[in-house]
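A.B. asks: Before I ask anything, here is the structure I am working with.
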Amino acid sequence: MIATAHPLVQHPLEPLTAAEVAAAVAIARSCKSLGESFRFPCVTLHEPPKSVVLEFQVGDRIHREAFLILLDNATGNTYECVISLTEQSVLSWQHIPNVQPNIMADELVECEAAVKAHPDFLAALARRGITDLDCVVVDPWAIGNFGFADEVGIRLSRAICYLRSVPDGNFYSRPIDGLVPVVDLNTMQVLRIEDFGIVPVPPEPGEYARRFMPDQRTDIKPLHITQPEGTSFEVEGHHIRWQKWDFRIGFTPREGVVLHRVCYEDRGKLRSILYRASLSEMVVPYGDPRPQHFRKNAFDLGEHGVGMLANSLKLGCDCLGEIYYFDAALTDSRGNVAITENAICLHEEDYGILWKHTDWRLNEAEVRRSRRLALSFIATVDNYEYGFFWYFYQDGTIQYEVKLTGNLLCGALDNVGKYGTLVAPELNAINHQHFFSMRLDFDLDGMANSVYEVNTEAEPMGDRNPYGNAFYAQPTLLSTEQSAQRLIDPFKARYWKVVNDSVHNRLGQPVGYKIMPGDNAVPYAHPNSPILKRAGFMTKHLWVTPYACNERYAAGAYPNQHLGGEGLPQWTQANRSIENTDIVVWYTFGHHHIPRPEDYPVMPTAYSGFMIKPVGFFDASPAMDVPPSAPKESCH
Ligand code: CO
Numbered sequence: 071m072i073a074t075a076h077p078l079v080q081h082p083l084e085p086l087t088a089a090e091v092a093a094a095v096a097i098a099r100s101c102k103s104l105g106e107s108f109r110f111p112c113v114t115l116h117e118p119p120k121s122v123v124l125e126f127q128v129g130d131r132i133h134r135e136a137f138l139i140l141l142d143n144a145t146g147n148t149y150e151c152v153i154s155l156t157e158q159s160v161l162s163w164q165h166i167p168n169v170q171p172n173i174m175a176d177e178l179v180e181c182e183a184a185v186k187a188h189p190d191f192l193a194a195l196a197r198r199g200i201t202d203l204d205c206v207v208v209d210p211w212a213i214g215n216f217g218f219a220d221e222v223g224i225r226l227s228r229a230i231c232y233l234r235s236v237p238d239g240n241f242y243s244r245p246i247d248g249l250v251p252v253v254d255l256n257t258m259q260v261l262r263i264e265d266f267g268i269v270p271v272p273p274e275p276g277e278y279a280r281r282f283m284p285d286q287r288t289d290i291k292p293l294h295i296t297q298p299e300g301t302s303f304e305v306e307g308h309h310i311r312w313q314k315w316d317f318r319i320g321f322t323p324r325e326g327v328v329l330h331r332v333c334y335e336d337r338g339k340l341r342s343i344l345y346r347a348s349l350s351e352m353v354v355p356y357g358d359p360r361p362q363h364f365r366k367n368a369f370d371l372g373e374h375g376v377g378m379l380a381n382s383l384k385l386g387c388d389c390l391g392e393i394y395y396f397d398a399a400l401t402d403s404r405g406n407v408a409i410t411e412n413a414i415c416l417h418e419e420d421y422g423i424l425w426k427h428t429d430w431r432l433n434e435a436e437v438r439r440s441r442r443l444a445l446s447f448i449a450t451v452d453n454y455e456y457g458f459f460w461y462f463y464q465d466g467t468i469q470y471e472v473k474l475t476g477n478l479l480c481g482a483l484d485n486v487g488k489y490g491t492l493v494a495p496e497l498n499a500i501n502h503q504h505f506f507s508m509r510l511d512f513d514l515d516g517m518a519n520s521v522y523e524v525n526t527e528a529e530p531m532g533d534r535n536p537y538g539n540a541f542y543a544q545p546t547l548l549s550t551e552q553s554a555q556r557l558i559d560p561f562k563a564r565y566w567k568v569v570n571d572s573v574h575n576r577l578g579q580p581v582g583y584k585i586m587p588g589d590n591a592v593p594y595a596h597p598n599s600p601i602l603k604r605a606g607f608m609t610k611h612l613w614v615t616p617y618a619c620n621e622r623y624a625a626g627a628y629p630n631q632h633l634g635g636e637g638l639p640q641w642t643q644a645n646r647s648i649e650n651t652d653i654v655v656w657y658t659f660g661h662h663h664i665p666r667p668e669d670y671p672v673m674p675t676a677y678s679g680f681m682i683k684p685v686g687f688f689d690a691s692p693a694m695d696v697p698p699s700a701p702k703e704s705c706h
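Counted the way our numbering counts, the sequence shown spans residues 71 to 706.
Have a look at this one:
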């Protein structure tokens, strides 16, 4: 008898509870008689159809379903499965041919152990004079797909090796360049040790841990953030209300935090902005062509899963102030429930001035403090840390910001490396980029939305513009998927505006929100390169598709070892209409990274992201009802 899951959940979009995760795995195991060879790359909520969510009323009966991806190590087969937690049954079970699900943390551990026990690896270390295995680190990476016939159909990892200078030292600063074990992750057999020749390990330890840093600055006095009356937000399950904002959050092993049903209260009425918003994929293409480096292209969602790699956050260190934490109920690769405590952080921040004007004739200043609501999690994906932050502002703006920190991926310098930067003696940090694809399912005051590109044009000098000063914003409707594949253009002050053409503000303008590009880049990989085929989404900053519930991930559902072409480039070949219909906007932003010596040994946080800002969604500034703060006497 399987333990019954009692979902004390108030809404169909509540993430699976730990009990539901356990029940889903138990039902799958029992109904399909699964043996020990099965792994569970993904166990998450099977989100109900949009119509069910939109029609849901408090008190309605909720049917709970779980979506599972399973990998059978014995056969190498991948399955997708939908479990009814309500009926305790398997609703669907499907073999997905020719795919590799994401790499799981347990596989990394098992892979490292297999390599470190292999005689060929030990011999390769001995050739380099390395005998202390406690200082050797084997860091498995996704192998990618470069069309090599002997890699088809085998679940593979290619590892990067490092040598710590002491057993508890930093290893990213000391690559054993040119030594690459290749492992079958289904059998955990070492298939080969690629050896591109002996390169000395860079000499500097590159330590960053506190215990190695005796000289710390001593002139920092305490800075406290206190909210003596508590926070201004309310949380019920995963439903969050803060001032005029009202939304739900989810958390998936692949995407991490997901926003659901983002609404803003306007004169007593909740108005819909986004039905669902999340990071859909990211990729980090590296730019060194040498044989030990050319495969480095991490798909951090599809090959790993940033939710699975989320940190347990620490109050006072990761987060400062009055914090509300959400735990995440996940699994290890064997399907055992694994709770990441304090995975998601919610808090308020003072954000300077919201608005101000001084009327010097009246000797009167009106000023309002801006406060923003920050919702975040941090994932450690191998060498890098990514902080994924949503910010909600009092003027209706939503901001998404990725905070990038952690260790650079380096090679040892065996020749002049123009594809990287010397960041320490003999340590070459490889040029790379980080591309993020955001899936934004807009529902602005209803589902029927359209997208306009807005370019600013200079009016030609002439009768209408005798002094040459005139310029104007020129909107162009993007009516089909292929016409909506666009790039940023700062010389046109380009932005994209999502509107509901059948709902108007008091001025008769259609209600809208605009995508405001921030930090961005284009890929430098060749159009015929394997990585551009596999991550086609990064070739355009804007994509728009009509809503389809199964179109979730920009590089397809299974990018690990995939040849490419899936996801946005494939779906949009149909060139469907995106006018006045339920649309999904996909925004790509890239962070270009030519490493600096100052990024070593741990890089100070870099910031990249964009904003979603109201344009005529409101009748006027929605922030005029923010009251003034009480002035304080200065104490010093
Ligand atoms: Co970087």
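We treat Cβ as the ideally placed atom computed from N, Cα and C, and that holds for glycine. Just so you know, these numbers come straight off a predicted model, no measurement behind them.
(1) Answer yes or no: do R244 and G267 have a C-beta to C-beta separation smaller than 8 angstroms?
(2) Apart from the five residues just before and just after C231, which ones in its own chain have a Cβ nearer than 6 angstroms to its Cβ?
(3) For the ligand CO, any of its heavy atoms closer than 7 angstroms to the Cβ of L474?
(4) Can you give me the Cβ contacts of A595 inside the same chain, cut-off strictly under 7 angstroms, excluding the 5 residues immediately before and after it?
(5) Since S107 is in the beta strand (DSSP E), which residue starts that stretch and which ends it?
(6) Beta carbon of H427: closer than 7 angstroms to some heavy atom of the ligand CO?
(7) Using the C-alpha atoms, what's the distance from A543 back to M517?
(8) Measure the C-alpha to C-alpha separation of P361 and R131 and round it to an integer number of angstroms.
(9) Short of 8 angstroms in beta carbon distance, which residues of its chain neighbour M586, apart from the five on each side in sequence? Order them along the chain.
(10) Taking the DSSP output, what are the residues bridged to R439?
(11) Using the rule of at least 16 other Cβ atoms within 10 Å of the residue's Cβ for burial, across every protein chain shown, is T296 buried or exposed?
(12) On the three-state DSSP scale, how would you describe K314?
(13) Where does G405 land, buried or exposed, given buried means 16+ other C-beta within 10 angstroms?
(14) Pair every Cβ in the segment 144-162 with every Cβ in the segment 98-112, then say whether three or more of these pairs are closer than 8 angstroms.
(15) Answer with buried or exposed for E306, where buried requires no fewer than 16 other C-beta atoms within 10 angstroms of its C-beta.
(16) State yes or no: is the C-beta of H502 nearer than 7 angstroms to some heavy atom of the ligand CO?
(17) Is the beta carbon of E274 less than 8 angstroms from the beta carbon of A494?
(18) What is the rounded straight-line gap between the Cα of S549 and the Cα of M694?
(19) Measuring straight from C-alpha to C-alpha, what distance separates G338 and L390?
(20) Could you spell out the range, first to last residue, of the alpha helix (DSSP H) harbouring K488?
(21) Bridge partners for S678 per DSSP, in chain order?
(22) Assuming P593 contacts G372 under a Cβ cut-off of 8 angstroms, what Cβ separation, rounded to an integer in Å, is found between them?
(23) Would you check whether the ligand CO has a heavy atom nearer than 7 angstroms to the C-beta of H663?
(24) For S154, list the residues DSSP reports as bridge partners.
(25) I think S507 touches E392, with their Cβ atoms under 8 angstroms apart; what is that distance to the nearest whole Å?
(26) State the DSSP-derived secondary structure class of L478, mapped to helix, strand or coil.
(27) So, are the CB atoms of E135 and H116 less than 8 angstroms apart?
(28) Return the chain-ordered ranges of every beta strand (DSSP E) run that is complete within the segment 546-579 and spans a minimum of 3 residues.
(29) Determine the closest residue to H504 out of G239, E455, Q259 and H188, with distance taken between C-alpha atoms.
(30) Let me check one thing: in DSSP terms, what residues is F218 bridge-paired to?
(31) Tell me the DSSP secondary structure of L385 in three-state form.
(32) Can the beta-carbon of L445 be found closer than 8 angstroms to that of V327?
(33) Which two residues bound the contiguous alpha helix (DSSP H) that contains V179?
(34) Pick from A96, C181 and V123: whose alpha carbon is nearest that of I153?
(35) Three or more C-beta pairs under 8 angstroms: does that hold for the segment 433-443 against the segment 462-470?
(36) Within a Cβ cutoff of 8 angstroms, which residues of the same chain sit near N215, ignoring the five residues on either side of it in sequence?
C.D. replies: In terms of the structure at hand:
(1) No, they are not a contact pair.
(2) If we look at C231 and ignore the five residues flanking it on each side, its Cβ neighbours are V208, I246 and L249.
(3) Yes.
(4) Cβ within range, chain order: P355, I601 and L602.
(5) That residue, S107, is in no beta strand (DSSP E); it is neither H nor E in DSSP.
(6) For H427, the distance from the CB to the nearest heavy atom of the ligand CO is not below 7 angstroms.
(7) Taking the straight line joining both Cα atoms gives about 26 angstroms.
(8) Their Cα atoms are separated by approximately 57 angstroms.
(9) Cβ contact annotation for M586 (same chain, cutoff 8 angstroms, sequence separation greater than five): Y565, F680, M681, I682 and K683, in chain order.
(10) In the DSSP assignment, R439 forms a beta bridge with I423.
(11) It counts as exposed.
(12) Annotated three-state conformation of K314 is coil, per DSSP.
(13) Classification for G405: buried.
(14) Using a Cβ-Cβ distance cut-off of 8 angstroms, the segment 144-162 and the segment 98-112 are in contact, since at least three pairs of beta carbons, one from each stretch, lie closer than that value.
(15) E306 should be labelled exposed.
(16) Indeed, a heavy atom of the ligand CO lies less than 7 angstroms from the Cβ.
(17) Cβ atoms of E274 and A494: closer than 8 angstroms.
(18) Near 36 angstroms, if we compare the C-alpha coordinates of M694 and S549.
(19) Whole-angstrom Cα-Cα distance: 33 angstroms.
(20) It is not in any alpha helix (DSSP H) - K488 carries neither H nor E in the DSSP assignment.
(21) DSSP lists V472 as partners of S678.
(22) Their Cβ separation, rounded to whole angstroms, is 17 angstroms, which puts P593 and G372 out of contact at 8 angstroms.
(23) H663 Cβ: within cutoff of the ligand CO.
(24) Within the DSSP bridge table, the entry for S154 names E135 and S159 as partners.
(25) Actually they are not in contact, since the Cβ atoms of S507 and E392 sit about 33 angstroms apart, beyond 8 angstroms.
(26) DSSP places L478 in coil when its eight states are reduced to three.
(27) Yes, they are a contact pair.
(28) The segment 546-579 contains these whole beta strand (DSSP E) runs: 565-574.
(29) Across the set G239, E455, Q259 and H188, the C-alpha of E455 shows the shortest separation from the C-alpha of H504.
(30) Assignment of beta-bridge partners to F218 by DSSP yields no partner.
(31) Reduced to three states, the DSSP call for L385 is strand.
(32) Cβ distance < 8 angstroms, so L445 and V327 count as in contact.
(33) Boundaries of the alpha helix (DSSP H) harbouring V179: A175 to K186, taken from the DSSP string.
(34) In this structure, A96 is the residue among A96, C181 and V123 with its C-alpha nearest to the C-alpha of I153.
(35) Contact between the segment 433-443 and the segment 462-470 is present, because at least three Cβ pairs lie under 8 angstroms.
(36) E221, P600, R604, Q631, H632, L633 and G634, listed in sequence order.
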